[in-house]
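There are 2 protein chains.
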Amino acid sequence: MKIIGEKINGTRSQVKKAVAERDTAFIQTLAKNQVEAGAFWLDVNAGTAPEREPEDLVWLVNIVQEVVDVPLCLDSANPAALSEAIKHVRHTPLINSLSGEKKRMEGILPLVSSAGCSVIALALDDKGIPANVEDRLTLIRRVVGELKNKGITEDRIYVDPLVMTIASNMEAGQIAMKTMQAVRSEFPNAHITCGASNISFGLPVRTIINQAFLTLALYAGLDTPILDPMDRELRKAWLSAEVVLGRDRHCLNYTRAYRSGLLEQAAKA
Amino acid sequence: MKIIGEKINGTRSQVKKAVAERDTAFIQTLAKNQVEAGAFWLDVNAGTAPEREPEDLVWLVNIVQEVVDVPLCLDSANPAALSEAIKHVRHTPLINSLSGEKKRMEGILPLVSSAGCSVIALALDDKGIPANVEDRLTLIRRVVGELKNKGITEDRIYVDPLVMTIASNMEAGQIAMKTMQAVRSEFPNAHITCGASNISFGLPVRTIINQAFLTLALYAGLDTPILDPMDRELRKAWLSAEVVLGRDRHCLNYTRAYRSGLLEQAAKA
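So the protein sequences, as listed, match chains A and B.
Letter by letter, the first sequence follows residues 831 to 1099 in my numbering.
Letter by letter, the second sequence follows residues 831 to 1099 in my numbering.
Right, dumping it as structure tokens:
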């Protein structure tokens, strides 16, 4: 499992402010803390208006790379911002994201292909997110097929099944798990990513639901979750899931976290 | 999911003392608290020497039934104790347990059959617990077959795959899950039971591992876990797993637990 750290995201008000004010220290602290907490990738999202976004995203890329040496997940739907940012990254980036939407296919796929990037492919097209597993898989097959046609190998494709909210559809968890299992079996070299928190929207004590979902999704094939690596409760969930699933050799990560005091229960939810 | 409350067990020192001293109040409090916390069955285990056990188990059955009206899980390997206790139960009991061991088959199977009880069948025989999933299933098939031959229908059979300890075998979690999934698919009307804590033996902050295991096992087919229903951390795990798996209609159990203050994080592990 490799975590994509989600915190440098301009849709969060503190980050938005830091981008607007060029608060380098704030962003660099977020970057360092997430990498220290185990992030393998860092998502960077400027979240600004299209005309400002290329400059803002490049600024984020540069200041983040001053303090950490991890690959970046360039988070934008704006081809102009992405193509500028790609010029400044030190490691091959992950593009977040492409989908079956015509506009994204036309704007982003050529970039991914020519720059040799990896890419997150959402189970979404111009008609929205398919409601059932089979339709979602049909869409994923089409998008993965188009990526492969452009020379993007399976191991560079990160499929996001797009997790819906349980509070509005009781089947949301099962749909996500079944989609992940099918993707894992059909595209064994592809990665599976998703956010861990959408599932619990509208429910109380969301972290408990998020933990259960993360645990089950790791079983179903999720290998690159997008999450806050500093979230102590989520960390307990993923570390223990890896132990129970037999993926933490000699329980080394788990016992190391224990010795670092990371497994104590928080005082409050 | 229906919980078998595990706390009235003579191998626990406080219960052993209460049985020896005929401390009715102590046992009855354990019974009431577990049922209040959601136990569907109550396990009763006297844990005393064979010659004392019939009398002690009957005493437990009687005083428990004075305060709660739930079916009991009669926990003993002693046919004499079981046959006495069966005479005193108000509801059809669950016998804990039978296995492929010759002695248990001969001593306990006739009792289960003639009294029309339900029974827990362990994946164990005179050679021990099979190390891999296939051998475990072969044994389970044989035991379930013998039970069916004696007229015990599948819905009265509770298969316990016997969860091993991760610390001694990294595959223990996967073996348990795979066994459960196979049993669920091969014997769709049978129940699946197991203790939730053996998995974490020897590891720190065991409750975190137990929660992950319980979450994954509920997915794999576990429907009658043996556990401490008063354990707040485990409760969070099973309530949230049921939500994510789409089994908690309108999230009613989850939100009810929230309103009762049961989902707050404990101050310490």
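Backbone N, C-alpha and C fix where the C-beta goes; we use that ideal spot for every residue, glycine too.
* When Ala-855(A), Gly-1025(A) and Val-1013(A) are compared against Met-994(A), the one with the closest alpha-carbon -> Taking the first sequence and counting its residues from 1, one reaches residue 994(A) at position 164. It is Gly-1025(A) whose Cα lies nearest to the Cα of Met-994(A).
* **Nearest candidate by alpha-carbon position, reference Phe-1017(A), set Phe-1043(A), Trp-1068(A) and Val-989(A)** => Counting from 1 along the first sequence, the entry for residue 1017(A) is found at position 187. Each of Phe-1043(A), Trp-1068(A) and Val-989(A) was checked against the Cα of Phe-1017(A), and the nearest Cα belongs to Val-989(A).
* Asked: Any beta-carbon of chain B closer than 7 Å to the one on Thr-854(A)?
  -> Counted from its first residue, the first sequence places residue 854(A) at position 24. Not one chain B Cβ lies under 7 Å of Thr-854(A).
* To do: Taking Val-1074(A) and Ala-1012(B) to be in contact with their CB atoms under 8 Å, please state how far apart those CB atoms are, rounded to whole angstroms.
  => Numbered from its first residue, the first sequence carries residue 1074(A) at position 244. Numbered from its first residue, the second sequence carries residue 1012(B) at position 182. 18 Å between Cβ atoms; not a contact.
* Asked: Three-state secondary structure (DSSP) at Pro-909(B)?
  -> The sequence position of residue 909(B) within the second sequence is 79, counting from 1. Three-state DSSP puts Pro-909(B) in a helix.
* For Lys-932(A), the nearest candidate out of Cys-947(A), Val-973(A), Val-919(A) and Ser-944(A) (CA to CA) -> Taking the first sequence and counting its residues from 1, one reaches residue 932(A) at position 102. Considering only alpha carbons, the answer is Val-973(A).
* Cβ of Phe-1031(A) within 7 Å of any chain B Cβ -> As a position in the first sequence, residue 1031(A) is number 201, starting the count at 1. Not one beta carbon of chain B lies nearer than 7 Å to the beta carbon of Phe-1031(A).
* **Alpha-carbon to alpha-carbon, Glu-1072(A) and Asn-863(B)** => Looking up residue 863(B) in the second sequence gives position 33. Looking up residue 1072(A) in the first sequence gives position 242. So the alpha carbons of these two residues sit roughly 33 Å apart.
* If you measure from the beta carbon of Thr-1045(A) to each beta carbon in chain B, is any gap under 7 Å? -> Here the question's residue 1045(A) lines up with position 215 in the first sequence. At least one chain B Cβ lies under 7 Å of Thr-1045(A).
* Through-space distance from Lys-1066(B) to Leu-1092(B), alpha-carbon basis -> What you label residue 1092(B) is simply residue 262 of the second sequence in a count that begins at 1. What you label residue 1066(B) is simply residue 236 of the second sequence in a count that begins at 1. Each residue's CA atom was taken as its position, placing Leu-1092(B) and Lys-1066(B) some 8 Å apart.
* For the beta strand (DSSP E) that contains Ala-953(A), what are its first and last residues? -> One-based indexing of the first sequence puts residue 953(A) at position 123. Neither: Ala-953(A) is in no beta strand (DSSP E) and is coded neither H nor E.
* Going by the beta-carbon positions, is the gap between Gly-937(A) and Pro-909(A) smaller than 7 Å? -> Here residue 937(A) refers to the residue found at position 107 of the first sequence. Here residue 909(A) refers to the residue found at position 79 of the first sequence. Yes, they are a contact pair.
* Segment limits, beta strand (DSSP E) that includes Asp-990(A) -> Taking the first residue of the first sequence as 1, we reach residue 990(A) at position 160. In the DSSP annotation of this structure, the continuous segment of the beta strand (DSSP E) that includes Asp-990(A) starts and ends at 987-990.
* Asked: What are the uninterrupted segments assigned as alpha helix (DSSP H) that are 4 or more residues long and contained completely in the segment 987-1053 of chain A, given in chain order?
  -> The DSSP assignment places complete alpha helix (DSSP H) segments of no fewer than 4 residues inside the segment 987-1053 of chain A at 1002-1016 and 1036-1050, in order along the chain.
* To do: Using a threshold of 7 Å, state whether the C-beta atoms of Leu-1046(B) and Met-1000(B) are closer than that.
  => Residue 1046(B) sits at position 216 when you count from the first residue of the second sequence. Residue 1000(B) sits at position 170 when you count from the first residue of the second sequence. No, these two residues do not count as a Cβ contact at 7 Å.
* Asked: So the beta strand (DSSP E) Ser-927(B) belongs to, where does it begin and stop?
  -> Residue 927(B) sits at position 97 when you count from the first residue of the second sequence. Following the DSSP letters along the chain, one finds Ser-927(B) inside the beta strand (DSSP E) bounded by residues 924-928.
* **Where Ser-1070(A) meets chain B, residues with beta-carbon distance less than 7 Å** => Numbered from 1 along the first sequence, position 240 holds the residue referred to as residue 1070(A). Those within 7 Å of Ser-1070(A) in chain B are Ile-1038, Ile-1039, Gln-1041 and Ala-1042.
* Beta-carbon proximity list for Ala-953(A), same chain, < 6 Å, skipping 5 on both sides -> Taking the first sequence and counting its residues from 1, one reaches residue 953(A) at position 123. Closer than 6 Å at the Cβ level, and outside the excluded window around Ala-953(A), lie Arg-966, Leu-969, Ile-970, Pro-991 and Leu-992.
* To do: Evaluate Asp-886(B) with the Cβ neighbour count: other Cβ atoms within 10 Å of its Cβ, from every protein chain shown; 16 or more gives buried, anything less gives exposed.
  => Residue numbering aside, residue 886(B) sits at position 56 when the second sequence is read from its first letter. With 16 or more Cβ atoms within 10 Å of its Cβ, Asp-886(B) is classed as buried.
* Asked: What does a CB cutoff of less than 6 Å around Ala-1087(B) pick up in its chain, not counting 5 residues either side in sequence?
  -> Reading the second sequence from its first residue, position 257 is the one you call residue 1087(B). Only Leu-1069 and Leu-1093 meet the Cβ criterion.
* Asked: If you follow the beta strand (DSSP E) that Ile-834(B) is part of, which residue opens it and which one closes it?
  -> By one-based count along the second sequence, residue 834(B) stands at place 4. Counting along the chain, the beta strand (DSSP E) containing Ile-834(B) begins and ends at 833-839.
* Within chain A, partners of Ile-996(B) - CB distance below 8 Å -> Your numbering for residue 996(B) matches position 166 in the second sequence. The CB of Ile-996(B) comes closer than 8 Å to the CB of Val-1073, Val-1074, Gly-1076 and Cys-1081 in chain A, given here in chain order.
* Asked: In the structure shown, what three-state DSSP assignment does Asp-873(A) receive?
  -> Counting from one through the first sequence, the residue named residue 873(A) turns up at place 43. The answer is strand: DSSP assigns Asp-873(A) an E or B state.
* Is the number of C-beta pairs between the segment 910-921 of chain A and the segment 890-899 of chain A that are closer than 8 Å three or more? -> A contact exists between the segment 910-921 of chain A and the segment 890-899 of chain A.
* From Glu-984(B) to Gly-975(B), what does the alpha carbon distance come to, in whole angstroms? -> Walking along the second sequence from the start, residue 984(B) turns up at place 154. Walking along the second sequence from the start, residue 975(B) turns up at place 145. Spanning the two alpha carbons is a distance of roughly 10 Å.
* For Asn-926(A), I'd like the list of residues in its chain whose CB is within less than 6 Å of its CB, leaving aside the five on either flank, ordered along the chain. => Start at 1 with the first residue of the first sequence, and residue 926(A) comes out as number 96. Excluding positions up to five away in sequence, the list reads Cys-903, Asp-905 and Ile-950.
* Asked: CB-CB under 8 Å to Asn-892(B), same chain, minus the five flanking residues each way: which ones, in chain order?
  -> Looking up residue 892(B) in the second sequence gives position 62. Within the same chain, and ignoring the five residues on either side of Asn-892(B) in sequence, the residues whose Cβ sits closer than 8 Å to its Cβ are His-918.
* Asked: How long is the line joining the alpha carbons of Ser-1027(B) and Ser-998(B), rounded to whole angstroms?
  -> Here the question's residue 1027(B) lines up with position 197 in the second sequence. Here the question's residue 998(B) lines up with position 168 in the second sequence. As the crow flies, the alpha-carbon of Ser-1027(B) is around 14 Å from that of Ser-998(B).
* Asked: In the segment 874-899 of chain A, which residue ranges form an unbroken beta strand (DSSP E) of at least 3 residues, counting only runs that do not cross its ends?
  -> Within the segment 874-899 of chain A, no beta strand (DSSP E) run of at least 3 residues lies entirely inside it.
* To do: Using three-state DSSP, classify Leu-1069(A) as helix, strand or coil.
  => As a position in the first sequence, residue 1069(A) is number 239, starting the count at 1. In the structure shown, Leu-1069(A) sits in a helix (DSSP, three-state: H, G or I).
* To do: Take Val-894(B) as the anchor and find which of Asn-839(B), Pro-880(B), Leu-1082(B) and Ala-879(B) has the nearest alpha-carbon.
  => Taking the second sequence and counting its residues from 1, one reaches residue 894(B) at position 64. A check of alpha carbon separations from Val-894(B) across Asn-839(B), Pro-880(B), Leu-1082(B) and Ala-879(B) identifies Asn-839(B) as the nearest.
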